[in-house]
Each structure stands twice: as structure tokens, then as C-alpha cells.
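These notes are about the structure you will find just below.
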Amino acid sequence: ITGIDPNEYTYPSVLRTCTSLGNLDLGEHIHGQTIKSGFQLDVYVSSELIDMYAKCGRLDIAQKMLDRLPEHDI
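Numbers 1 to 74, taken from UniProt numbering, label the letters of the sequence shown in order.
Right, dumping it as C-alpha cells:
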């Protein structure tokens with residue numbers, strides 16, 4: 001969507017929707033966008049990414065992301 005910059009509120013919402021729909025391809029694309037844009041993942045976005053990867057069967061990626069979190073309180 002033109003003119004809308006994703007942020008710490010929109011990313012979790014969109015990722016949650018990807019998880020609900022089981023749309024791993026779109027979720028991976030959004031994750032890639034966070035990396036390309038230099039967006040700093042916070043605990044909420046990271047939590048949604050971990051949840052998405054785990055529920056979509058990519059436990060390997062979910063575990064890697066969990067291991068990289070500075071705090072494991074999610």
C-alpha cells in the first residue's frame with residue numbers, strides 16, 4: 001500500500017493474519033521487508049514471527065529466532 005509505512009503496530013497485525021491464513025509465503029515476504037528496510041524487530045514483532053513460523057511448520061526458523069532473542073519471556 002502506497003504511503004503507509006509499516007511499524008511496530010502494523011507488522012504484528014499483518015503477521016498474525018498471515019498465521020491465521022496459513023500464508024507462510026506472504027509472512028516470509030513481510031519478514032524479508034523488515035530486514036531490507038532495517039526495521040529493528042521488537043519483542044512483539046519477533047513473537048509474531050516465531051508464532052507464524054512455528055504454526056506454519058517451520059520450527060527450525062522459529063527456534064533460530066527464539067535463540068536470538070535477548071529475553072525469553074514471550
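Cβ coordinates follow ideal geometry from the N, Cα and C atoms, glycine included.
Can you name the start and end residues of the alpha helix (DSSP H) that residue i belongs to?
| i | result |
| --- | --- |
| Pro-12 | 10-21 |
| Arg-58 | Taken as a continuous stretch (DSSP letters only), Arg-58 belongs to no alpha helix (DSSP H), as it is neither H nor E. |
What is the DSSP secondary structure of residue i, counted as helix, strand or coil?
| i | result |
| --- | --- |
| Gln-33 | helix |
| Ile-4 | coil |
| Asp-42 | coil |
| Leu-69 | coil |
Once the 5 residues before and after residue i are set aside, which same chain residues still bring their CB inside 8 Å of it?
| i | result |
| --- | --- |
| Met-65 | Ser-46, Leu-49, Ile-50, Tyr-53 |
| Thr-19 | Gly-27, Glu-48, Asp-51, Met-52, Lys-55, Cys-56 |
Confirm, please, whether the CB-CB distance from residue j to residue i is below 9 Å.
| i | j | result |
| --- | --- | --- |
| Pro-6 | Phe-39 | yes |
| Ile-30 | Leu-15 | yes |
Using a Cβ-Cβ cut-off of 6 Å (strictly less than) and excluding sequence neighbours within five positions of residue i, which residues of its own chain qualify?
| i | result |
| --- | --- |
| Ile-4 | none |
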